[in-house]
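Reading through the structure tokens given below for one structure.
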Amino acid sequence: MIDIKWIRTNPELVKENIKKKFQDDKLALVDEVAELDRKYRETKTACDGLRNKRKTVSKTIGGLMAQGKKEEAEAVKAEVADLGNQLSEMEALETELEGKIREIMLVIPNFIDESVPIGKDDSENVEVERFGEPFVPDFPVPYHVDIMEKLGGIDIDSARKTSGNGFYYLCGDIARLHSSILSYARDFMINKGFKYYIPPFMIRSNVVTGVMSFAEMEGMMYKIEGEDLYLIGTSEHSMIGKFIDTIIPEEKLPQCLTSYSPCFRKEVGAHGIEERGVYRIHQFEKQEMIVVCKPEESMDWFKKMYENTVEFFRTLDIPVRTLECCSGDLADLKVKSIDVEAWSPRQKKYFEVGSCSNLGDAQARRLGIRVKAEDGSKYFAHTLNNTVVAPPRMLIAFLENNLNEDGSIRIPEALQKYMFTDKIDVE
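Quick note, the sequence shown lines up with residues 0 to 426 if you use numbering that gives the first Met the number 0.
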């Protein structure tokens, strides 16, 4: 959510940002909220005037009564009551206008960074850099489910019976590999100076609307029937929500957190061949990193965060590249975003395994996350989030890039102390 001062002082800049995101249907909202804001401020001024007048007039009642002017005092009481009625009506209008303004402001997109490439959708995202040499072995690389099944590590048919499409059982060495990767990711981030958390896996609606747009919420979140609770789609949701309505002393910044959680997603509109496996699923686990910092430091942290993910994948011998999201592919709250994509030898292309996002002060404004400077002034913090690793999707890249010709899986040195072996053999 942007500062409404931009609507008041430079609405054309707000409209230009909307155009860069190819959301022309939202252009009219700028004028609409500007008019509502004008009425709101007029109403607020009128309310303040009525309060002052009622207070001033009320003070005369005691004097009139003391002078024995009962009739005049009763008339003043009637005037005070009338002022109270007027004030109640105006306060109701003030509240109504404030609610309408917030509702619209929540759907006006955040300002994108000037460095973001302009494009309509993800087909116009821009490759930034590659790390590691993409390699295709001289033997066929099977589909990832076939690799797992040969290792006795996955059962999708049983999960389909118990839970439906988009679920799976991991078992044996593949389940161990899954857990080992998460444990390694935890320790990797702790060694980077991030504090480890296991957060709540459900959050209230005010936190949901604080951390994401309505469009994202509708396409992702599962609601708990009969309760004001949603299953989290990523631990970022509850980790950012942790700071709701807080004032953080400036000397306590940055807050660098890494969190483990299961994630639950509707995956509305998901389609394609990779759905047959574990690429798009309703339930998975993830290690996340979150930073809350001063505005002037957020871009530096943005770079450090996605570099952490690149380094993590390279320690597991997986080639990756970074891809900058263009303006049309940025979610409404995001200022800038870079995806980390892993190499798939089977598909001979890269695919997304993580995303790093700088949200500026958008989430902080929605959730009331402020910083208290040394001089006593307060300002909104900047928030960032990034995927460290999200198996089982990451398992696709791991298995394909560490596959031996006989179907066994090589375990890179960084992971061997978690797996207690250097290889997973075929059953």
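Glycine included, every Cβ here is placed at the ideal spot set by N, Cα and C.
- If only uninterrupted beta strand (DSSP E) runs of at least 3 residues are considered, those enclosed by the segment 192-229 are 194-196.
- The beta carbon of Cys292 sits closer than 6 Å to those of Leu252, Pro253, Trp300, His381, all from its chain and outside the five residues before and after it, given in chain order.
- Where Leu322 is concerned, the enclosing beta strand (DSSP E) starts and stops at 319-323.
- Residue Ile243 holds the alpha-carbon nearest to the alpha-carbon of Val210 among Tyr195, Ile243, Lys99, Pro318.
- Note that the segment 146-157 does not touch the segment 347-367; fewer than 3 beta-carbon pairs, one per stretch, sit closer than 8 Å.
- Assignment of Thr420 by DSSP, reduced to helix, strand and coil, places it in the coil class.
- In this structure, Thr321 is the residue among Phe213, Glu296, Thr321 with its C-alpha nearest to the C-alpha of Phe130.
- Residue range 381-388 is occupied by the beta strand (DSSP E) that includes Asn385.
- When Lys54, Gln282, Asp328, Glu340 are compared, the shortest CA-CA separation from Thr308 is found for Glu340.
- Distance between Gly61 and Lys69, taken at the CA atoms: about 10 Å.
- Here Tyr229 is near Arg203, since their CB atoms are less than 9 Å apart.
- By the neighbour-count criterion, in which 16 or more other beta carbons inside 10 Å mark a residue as buried, Lys302 falls on the exposed side.
- Its Cα nearest to that of Pro390, the residue Ile173 stands out among Glu226, Ile173, Glu128.
- DSSP places Asp338 in the uninterrupted beta strand (DSSP E) bounded by 335-343.
- Across the structure, Arg7 and Ile223 are spaced so that their CA atoms are roughly 39 Å apart.
- Around the Cβ of Thr55, a 10 Å sphere holds fewer than 16 other Cβ atoms; the residue is exposed.
- If you draw a straight line from the Cα of Asn357 to the Cα of Val79, it comes to about 52 Å.
- Going by beta carbons, Gly375 and Glu123 fall outside the 9 Å limit.
- DSSP, read as helix, strand or coil, puts Lys285 in strand.
- About 6 Å separates the CB atoms of Ile107 and Lys25; that is less than 8 Å, so the two are in contact.
- In the structure shown, the three-state DSSP call for Glu404 is coil.
- For Asp112 and Ser297, the gap between their C-alpha atoms comes out near 12 Å.
- For Tyr305, the CB contacts under 7 Å within the same chain, skipping 5 residues up- and downstream, are Thr321, Ile337, Val339, Cys355, Asn385 in chain order.
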